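Novice: Just dropping this structure here.
Residue numbers (my numbering): 31 to 484.
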């Protein structure tokens, strides 16, 4: 029989055991809750850091895009016209090689391609417009040239003839500028000429310039050295532009020296001036222009546009010619060398067809060149055709020889041959030079009032 105290003691022990069990469970729950709170706090802190990192990267990307739009894209667009402009890199150099860096570089490449294509399109439109304008200008200048020649044939007054020659020469300047502009814009040279002595093409280029009297040409070529027909006008244009540069950039009391010499691969036309010369950068730019190896846009020609060098580049590329500006002149200025290659050269029998009278004769000795028939005294053809008076010397009553002007009778011409043949530029220059020389000689020889010879 179990006694009550024993039952009480057993119940007490069971209760104590349960209390211990409950206390242990509560303790474990609290610890678990503490750990969970710590984990949640850690997760919260990590989330804040991640959000901060995301925010930092977003701000960096926004700064790169703003830098791209404000600095890099404008610089890339400007570099299309000015290659010396430097395009800034990204703000963060560590972007190189990343997807973002590649994307930004792709934007710049797309901008450069689009700008280059648009510049070419605009340039092509500008060239087409200028070709049309110069075509109209050339047509008007050719009509004016015909009118001047008609006046030269109609009137025989020497002073009027000299004035008309001067106006014709001024008209030639305008024609030359229009022709050069047309060539730069992609037009053909505009003239088809027959095979000509090379020295005639050089003097033809000289005759188109203001200050042509300052040019001294030394012809060291074998007589009869000529150009094929399609190379005559390009060579004349190139020589005219090179001489024009030489004359413009040298003092008016200096000469420009031209030497025509045979080379292994053709004939060289060397032009030396005593001008101011060019800096290395200017020389490099000029050489790039005349080489003709790269397309030149009108926007690259400066303001005002320098058409001459660009025209030379067009012609050297089209006709397989070569121009070199890399060497300074021994006179302190610029040396320009035009090389006419062998396949553009021909030969004309000088006994059958002589060079123009104004062209310098070859310096080759008699043993080096074939014997030529004695040439008849040269009379400038336009002067004779315009029925000008001729200056002759007859004995004066006092025994001195004074110039007397006698009117030359006009020969009767058949109706179909009455019109004078079209003059070449070199013939125009020769006629003008001869007329001016004759007029000056007459004026200096003739006595004036109060200044008779004693």
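Even for Gly, the Cβ is constructed at its ideal location relative to N, Cα and C. Values in this document were obtained by computation on a predicted structure and should not be read as measured data.
(1) Excluding the 5 residues preceding and the 5 following residue 214 in the sequence, name in chain order all residues of the same chain whose CB lies nearer than 7 Å to its CB.
(2) Below 8 Å, can you find three or more Cβ-Cβ pairs linking the stretch 120 to 131 to the stretch 174 to 188?
(3) With 16 other CB atoms within 10 Å as the buried threshold, where does residue 114 fall?
(4) Hey, how far is the Cα of residue 273 from the Cα of residue 286?
(5) Looking only at its chain, what residues have a beta carbon closer than 8 Å to the beta carbon of residue 256, apart from the 5 residues adjacent to it on each side?
(6) State the start and end residues of the unbroken beta strand (DSSP E) segment that holds residue 274.
(7) With distance defined between alpha-carbon atoms, name the residue in 316, 390, 329 nearest to residue 245.
(8) State buried or exposed for residue 242, treating a residue as buried only when at least 16 other CB atoms are found within 10 Å of its CB.
(9) Return the Cβ separation of residue 117 and residue 109 in integer angstroms, given the expectation that the two are a contact with Cβ distance under 8 Å.
(10) Looking only at C-alpha atoms, which of 178, 291, 160 sits nearest to residue 392?
(11) DSSP three-state call for residue 102: helix, strand or coil?
(12) How far does the alpha helix (DSSP H) with residue 306 in it extend, from its first residue to its last?
(13) Return the CA-CA distance between residue 396 and residue 252, expressed in angstroms with no decimal places.
(14) Taking the alpha-carbon positions, what's the residue 486 to residue 315 distance?
(15) One question on the structure: do residue 223 and residue 263 come within less than 7 Å of each other, judged by their Cβ atoms?
(16) Relative to the alpha-carbon of residue 201, which residue among 232, 169, 212, 189 has its alpha-carbon at the smallest distance?
(17) If you draw a straight line from the C-alpha of residue 348 to the C-alpha of residue 322, how long is it?
(18) Which same chain residues, not among the five before or five after residue 369, have their C-beta less than 6 Å away from its C-beta?
(19) For residue 317, which residues in the same chain have their Cβ closer than 7 Å to its Cβ, ignoring the five residues on either side in sequence?
(20) Assign residue 407 to one of two classes, buried (16 or more other C-beta atoms within 10 Å of its C-beta) or exposed (fewer than that).
(21) Which ranges does the beta strand (DSSP E) cover as unbroken runs of at least 3 residues, wholly within the stretch 90 to 148, from first to last along the chain?
(22) How would you write the range of the beta strand (DSSP E) that residue 389 sits in, first residue to last?
(23) Who pairs with residue 188 in a beta bridge, going by DSSP?
(24) Whose CA, out of 350, 283, 248, 254, lies closest to the CA of residue 300?
(25) Using only alpha-carbon positions, find the residue among 304, 289, 151, 294 that is nearest to residue 329.
(26) Quick check on the DSSP output: the alpha helix (DSSP H) that includes residue 234 runs from which residue to which?
(27) Let me make sure I understand the geometry here. Which of 192, 211, 371 has the alpha-carbon closest to that of residue 294?
(28) Which residue from 302, 387, 250, 98 puts its Cα closest to that of residue 122?
(29) Give me the Cβ distance between residue 120 and residue 134, rounded to the nearest whole Å; I'm assuming they're in contact under 8 Å.
(30) Determine whether the beta carbon atoms of residue 266 and residue 231 lie at a separation below 7 Å.
(31) If you draw a straight line from the C-alpha of residue 234 to the C-alpha of residue 380, how long is it?
(32) Could you give the DSSP three-state label for residue 381: helix, strand or coil?
Specialist: Well, looking at it:
(1) As a first step, residue 214 must be located in the chain shown, where it is residue number 184. Within the same chain, residue 214 has close Cβ partners 337, 340, 341, 344.
(2) no
(3) What you label residue 114 is simply residue 84 of the chain shown in a count that begins at 1. With fewer than 16 other Cβ atoms within 10 Å, it is exposed.
(4) Working through the chain shown from its first residue, we reach residue 273 at position 243. Working through the chain shown from its first residue, we reach residue 286 at position 256. The alpha-carbon atoms of residue 273 and residue 286 are separated by roughly 8 Å.
(5) The count along the chain shown starts at 1 and reaches residue 256 at position 226. Closer than 8 Å at Cβ, skipping near neighbours: 225, 226, 227, 228, 375, 376, 377, 378.
(6) Here residue 274 refers to the residue found at position 244 when the chain shown is read from its first residue. Careful: residue 274 lies outside any beta strand (DSSP E), inside the alpha helix (DSSP H) at 259 to 278.
(7) Your numbering for residue 245 matches position 215 in the chain shown. Ranking the options by Cα distance to residue 245, first place goes to 390.
(8) By 1-based counting over the chain shown, the position of residue 242 is 212. It is buried - the Cβ of residue 242 has at least 16 other Cβ atoms within 10 Å.
(9) Walking along the chain shown from the start, residue 117 turns up at place 87. Walking along the chain shown from the start, residue 109 turns up at place 79. At roughly 6 Å, the Cβ-Cβ gap stays under 8 Å, so residue 117 and residue 109 are in contact.
(10) Taking the first residue of the chain shown as 1, we reach residue 392 at position 362. Checked all of 178, 291, 160; the closest Cα to residue 392 is 291.
(11) Within the chain shown, residue 102 is the residue found at index 72, counting from 1. Correct three-state label for residue 102: helix.
(12) Residue numbering aside, residue 306 sits at position 276 when the chain shown is read from its first letter. Segment: none, residue 306 is in no alpha helix (DSSP H) and carries neither H nor E.
(13) In the chain shown, counting from the first residue as 1, residue 396 sits at position 366. In the chain shown, counting from the first residue as 1, residue 252 sits at position 222. In this predicted model, residue 396 has a pLDDT of only 45, less than 50, meaning its place in the structure is not dependable enough to derive any value.
(14) No answer is possible for residue 486: it lies beyond the span of the chain, which begins at 31 and ends at 484.
(15) Position 193 of the chain shown, counted from the first residue, corresponds to residue 223. Position 233 of the chain shown, counted from the first residue, corresponds to residue 263. Against a cut-off of 7 Å, the Cβ pair of residue 263 and residue 223 comes out as a contact.
(16) As a working mapping, residue 201 is identified with position 171 in the chain shown. Among 232, 169, 212, 189, the Cα nearest to that of residue 201 is on 169.
(17) As a working mapping, residue 348 is identified with position 318 in the chain shown. As a working mapping, residue 322 is identified with position 292 in the chain shown. Taking the straight line joining both Cα atoms gives about 9 Å.
(18) As a first step, residue 369 must be located in the chain shown, where it is residue number 339. Result list for residue 369: 296, 298, 352, in chain order.
(19) Sequence index remark: in the chain shown, residue 317 carries index 287 (1-based). 355, 356.
(20) Taking the chain shown and counting its residues from 1, one reaches residue 407 at position 377. Any reading at residue 407 must be qualified, since the residue scores a pLDDT of 39, below 50, and its modelled position is unreliable; the value itself is stated next. So residue 407 ends up on the exposed side.
(21) none
(22) Stepping through the chain shown from its first residue, residue 389 is reached at position 359. Unbroken run through residue 389: none, as it is neither H nor E.
(23) The residue labelled residue 188 in the question sits at position 158 within the chain shown. According to DSSP, which records beta bridges pairwise, residue 188 is partnered with nothing at all.
(24) Locating residue 300 in the chain shown gives position 270, counting from the first residue. It is 248 whose Cα lies nearest to the Cα of residue 300.
(25) As a working note, residue 329 is residue 299 in the chain shown. When each option's Cα is compared against that of residue 329, the closest is 151.
(26) Indexing the chain shown from 1 puts residue 234 at position 204. Element bounds for residue 234: 228 to 236.
(27) Residue 294 sits at position 264 when you count from the first residue of the chain shown. Minimum Cα distance to residue 294 is reached at 371.
(28) Walking along the chain shown from the start, residue 122 turns up at place 92. Nearest C-alpha to residue 122: 98.
(29) For the purposes of this step, residue 120 is taken as the residue at position 90 of the chain shown. For the purposes of this step, residue 134 is taken as the residue at position 104 of the chain shown. Correct: roughly 6 Å between the Cβ atoms.
(30) As a first step, residue 266 must be located in the chain shown, where it is residue number 236. As a first step, residue 231 must be located in the chain shown, where it is residue number 201. It is a contact, given that the beta carbons lie within the stated cut-off.
(31) For the purposes of this step, residue 234 is taken as the residue at position 204 of the chain shown. For the purposes of this step, residue 380 is taken as the residue at position 350 of the chain shown. Rounded to the nearest angstrom, the two C-alpha atoms are 18 Å apart.
(32) Position 351 of the chain shown holds residue 381. In this structure, residue 381 counts as coil in the three-state DSSP scheme.
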